[in-house]
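Numbers 1 to 122, taken from UniProt numbering, label the letters of the sequence shown in order.
All residues carry an ideal CB built from backbone N, CA and C; glycine is no exception.
Below: the structure, in structure tokens.
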Amino acid sequence: MSTISPSQCCVHNSKEHNNELFLNERLSDLTISFPFHKIYFPAHRQMMAKTSPYFENLFYGPMAIKDKEWEVKDDIEPEVFKIMLAHCYDLNLLEESLEMTLKVYKLSDYYMTDSLKSQCLK
């Protein structure tokens with residue numbers, strides 16, 4: 001009888017797995033909607049909650065939203081939110097542009113993603 005080592009099985013490293021899940025409808029349990037822009041991002045509540053107490057409370061707190069779709073405020077730019085969402089998956093889409101970095105910083109402050117705020121300050 002042969003044994004299968006973890007490296008031979010379908011085990012992915014965490015970064016590869018997160019990259020596969022990011023913006024992928026597979027296994028997603030949430031659709032983030034930007035109605036004003038007519039843009040939608042598939043997402044995973046757990047990935048977002050692990051990065052932010054705001055999202056943890058929004059999705060798992062006493063008044064948690066149960067809907068499959070979550071509508072983002074109209075004044076939030078989808079591309080800025082996408083950078084923050086990528087951070088929830090341990091991916092870095094942060095640009096070198098000062099203007100974009102400031103927008104991401106402001107958004108990460110609002111959604112309490114402190115690790116992304118720190119990254120913006122570097």
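Span separating the alpha-carbon of residue i from that of residue j
i	j	result
Glu56	Ile39	23 angstroms
His17	Thr31	19 angstroms
Asn19	Asp29	17 angstroms
Ser115	Asn92	12 angstroms
Ala49	Asp67	16 angstroms
Val72	Lys82	12 angstroms
Phe41	Glu25	9 angstroms
Same chain, Cβ closer than 7 angstroms to residue i, neighbours up to 5 away in sequence not counted
i	result
Thr113	Thr51, Ser52, Met84, His87
Lys15	Asp90
Tyr54	Tyr111, Met112
Rounded distance between the beta-carbons of residue j and residue i, thought under 8 angstroms
i	j	result
Leu107	Ile76	7 angstroms
Phe34	Pro78	5 angstroms
His44	Leu27	7 angstroms
Asp109	Lys122	That pair is no contact at about 16 angstroms.
Cβ shell of residue i (< 6 angstroms), same chain only, five flanking positions each side left out
i	result
Cys120	Thr101, Val104, Tyr105
His37	Pro78
Met47	Cys88, Tyr89
Cβ neighbours of residue i in the same chain (closer than 8 angstroms, five flanking residues each side left out)
i	result
Val80	Met100, Lys103, Val104, Leu107
Ile65	Leu58, Phe59
For a minimum of 4 consecutive residues, which ranges assigned as the alpha helix (DSSP H) are wholly contained in the UniProt domain "BTB" (28 to 97)?
45 to 49, 53 to 60, 78 to 88
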